[in-house]
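*Asks:*
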Amino acid sequence: MGYKQTVPHRFGKGSFHQIGLVRGQFGNVPMNQWVQFVQETGFDGWEEAGWELDLSRCSTDAGAEAYAKERYELAKGHGLEIFTIAAHLQGQALGDEPSAKTLQFIGGEAVEMYKAWRSKGNNAPRTDPYHVPDDVGKKVHEQATRDLIAVVRLAHFLGKLQNRKVAVPGFVGSPAHCWSHWFLFPPLPASIGGHNIPDVRDVSLQLLAERFAPVFDACKRYGVTFDLECHPSERAMGDLESAHDYLRAMDKAGYSTVAGFNLDGSHLEWQNVSVVQFIREFGERIHCAHVKGVQVVREHCRGGRLGGHRPMGHWTNGWNFVTAGTARDANSLEEIFIELNRVGFDGAVSIEWEDNDAEQHAGAKTALANARKADCPPSGMRHDEMLKK
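Numbering (my numbering), first residue to last: 1036 to 1424.
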């Protein structure tokens, strides 16, 4: 697949790249009203929120093709395109060990089974308040797998209609609770009482490859990439080291052509990881990109970088998402666009608005203006070579 999404490169209405808007954080706005806003504001398209779509219609090729045509016509009627289909919630539900946290993402039959279990007087153990019974957990994974394959089918047919590669950005979770062991105290024991204990970091990657095998196999069949958005709670946590671990494991499992990344520098910066270096190391595996601002508090703060168990966006936190390209943003939009140009990325870049201190429509408009200002076309020449007679 590579990082080439269009043939030839498609310019945006006001910038070198096409600029889209992520639908996910606008779930409170009716779809028809939102698409009108996307058009009138001047975006080039959008990223679908896979959990909002009627994926039951994509259980077959014929169904997915018909549904894709409806979504395509909706976009085309507003002079827009659909760049990607987000599958973050379903991916998290498949990768994580089942719990009420992922059950809330998946809905449907699994929730009905949980309700029936609780209605019989059952409760989660006090020491594990998010516990779900085994049959509910199994159903969570089944539904997540089914929905993810449906998203891949839909992406394939949307790509055919638009003559572009529609990627599937998402999460993969952290099997075997690997994420909870990021701070290595107590240390991870290799054996106790003469009995070996497998390394949870290796087990997590093995489980991830097994659980996502049907999804990645569908990606290979339909020519679609599944692109992990690295950040804490994922097996690749938003750093270069665990990102390499993830790719090595997926490549070893035979998925080098379909497993890649959705670039989102906001998750890297507050961890002191360079988004520029991420692009340089993984350029050919970046199939889609978000821009989302992040404020990093450089001085002392009450909640610290880990947040002190306060909610996302709380003023005491050492970092918070902000509107991309504003003065508080620690990422440089200009550097991100320049590095994407240097590695030859020609896909759309979608703005993901997540700023608890800005009204959502105003934040999206501001971010679009900032992205356009930063997104200059690449040079195509060397200025010193022009100093000739």
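We treat Cβ as the ideally placed atom computed from N, Cα and C, and that holds for glycine.
Specify whether the region 1364-1382 and the region 1043-1061 touch according to this definition: at least 3 beta carbon pairs, one from each stretch, less than 8 Å apart.
*Replies:* With the rule of 3 Cβ pairs closer than 8 Å, the region 1364-1382 counts as touching the region 1043-1061.
*Asks:* Have a look at the DSSP bridge pairing and note the partners of ILE1299.
*Replies:* A small correction: the amino acid at residue 1299 is Asp; Ile does not occupy that position in the sequence shown. For ASP1299, which the question treats as bridged, DSSP gives the partners HIS1325.
*Asks:* Enumerate, from N- to C-terminal direction, the unbroken beta strand (DSSP E) stretches of 3 or more residues contained entirely within the region 1237-1305.
*Replies:* 1261-1263, 1294-1299
*Asks:* Sort out for me which residues DSSP pairs PHE1356 with in a bridge.
*Replies:* VAL1329
*Asks:* CB PHE1118 to CB GLY1080, shorter than 8 Å?
*Replies:* Against a cut-off of 8 Å, the Cβ pair of GLY1080 and PHE1118 comes out as a contact.
*Asks:* DSSP has VAL1057 in a bridge; who is on the other side?
*Replies:* For VAL1057, which the question treats as bridged, DSSP gives the partners GLU1082.
*Asks:* Taking only the alpha-carbon atoms, compute the straight-line gap between HIS1166 and TYR1107 and give it to the nearest angstrom.
*Replies:* 40 Å
*Asks:* If you measure between the beta carbons of CYS1093 and LEU1183, is that distance less than 8 Å?
*Replies:* no
*Asks:* Would you report the Cα separation of THR1095 and VAL1186, rounded to the nearest angstrom?
*Replies:* 11 Å
*Asks:* Mapping DSSP to helix, strand and coil, what is ASN1405?
*Replies:* helix
*Asks:* Would you mind working out which of ASN1307, VAL1311, ILE1314 sits nearest VAL1332, comparing C-alpha positions?
*Replies:* ASN1307
*Asks:* Tell me whether TRP1217 is buried or exposed, calling it buried when 16 or more other Cβ atoms sit within 10 Å of its Cβ.
*Replies:* Residue environment: TRP1217 is assigned as exposed (fewer than 16 neighbouring CB atoms within 10 Å of its CB, all protein chains considered).
*Asks:* Give a yes or no on whether the C-beta atoms belonging to PHE1313 and LEU1263 are separated by under 8 Å.
*Replies:* no
*Asks:* Quick one: what's got a C-beta closer than 6 Å to ARG1363's C-beta in the same chain, skipping five residues either side?
*Replies:* GLN1330, VAL1357
*Asks:* So for PRO1413, helix, strand or coil by DSSP?
*Replies:* coil
*Asks:* Taking its Cβ as the centre, do 16 or more other Cβ atoms sit within 10 Å of VAL1243, making it buried, or is it exposed?
*Replies:* According to the sequence provided, residue 1243 is Leu. The question's Val does not apply to it. Buried, by the Cβ-count rule.
*Asks:* Going by DSSP, name the residue or residues bridged to PRO1204.
*Replies:* ASP1262
*Asks:* Just to confirm before moving on: does the CB-CB distance between HIS1325 and ASN1297 stay below 8 Å?
*Replies:* yes
*Asks:* What are the partner residues of GLY1339, as DSSP defines its beta bridges?
*Replies:* Secondary-structure assignment with DSSP links GLY1339 through a beta bridge to ASN1352.
*Asks:* Just the Cα atoms here: how many angstroms apart are GLY1228 and VAL1235?
*Replies:* 18 Å
*Asks:* On the criterion of 16 or more Cβ atoms from any shown chain inside 10 Å, does ASN1405 qualify as buried, or is it exposed?
*Replies:* buried
*Asks:* What residue range is occupied by the uninterrupted alpha helix (DSSP H) comprising ILE1373?
*Replies:* 1368-1377
*Asks:* Whose CA, out of GLY1328, GLU1334, VAL1070, GLY1353, lies closest to the CA of ARG1340?
*Replies:* GLY1353
*Asks:* Quick one, are the C-beta atoms of ALA1402 and TRP1388 less than 8 Å apart?
*Replies:* yes
*Asks:* Checking contacts by CB at 8 Å: is HIS1344 closer than that to chain C?
*Replies:* Judged by its chain identifiers, the structure shown contains no chain C, having just a single protein chain.
*Asks:* Can you list, in chain order, the residues of its chain whose CB lies under 8 Å from that of TRP1305, leaving out five sequence neighbours each side?
*Replies:* VAL1329, VAL1331, ARG1340, GLY1353, TRP1354, ALA1365
*Asks:* Hey, could you find the ends of the alpha helix (DSSP H) VAL1311 is sitting in?
*Replies:* Run containing VAL1311: 1310-1317, per the alpha helix (DSSP H) assignment.
*Asks:* To the nearest angstrom, how far is it from the Cα of HIS1230 to the Cα of PRO1224?
*Replies:* 10 Å
*Asks:* Could you tell me if ASP1429 is buried or exposed, where buried requires 16 or more neighbouring beta carbons within 10 angstroms of its beta carbon?
*Replies:* Outside the shown range of the chain, which is 1036 to 1424, sits residue 1429, and nothing can be said about it.
*Asks:* Taking the straight line between their C-alpha atoms, what separation do you get for ASP1280 and ASP1170?
*Replies:* 31 Å
*Asks:* Ignore the nearest five residues each way along the sequence and tell me which others in ALA1288's own chain have a CB closer than 6 Å to its CB.
*Replies:* ALA1244
*Asks:* Span of the beta strand (DSSP E) holding GLY1116?
*Replies:* It should be pointed out that residue 1116 corresponds to Glu in this sequence rather than to Gly. First-last of the beta strand (DSSP E) with GLU1116: 1116-1121.
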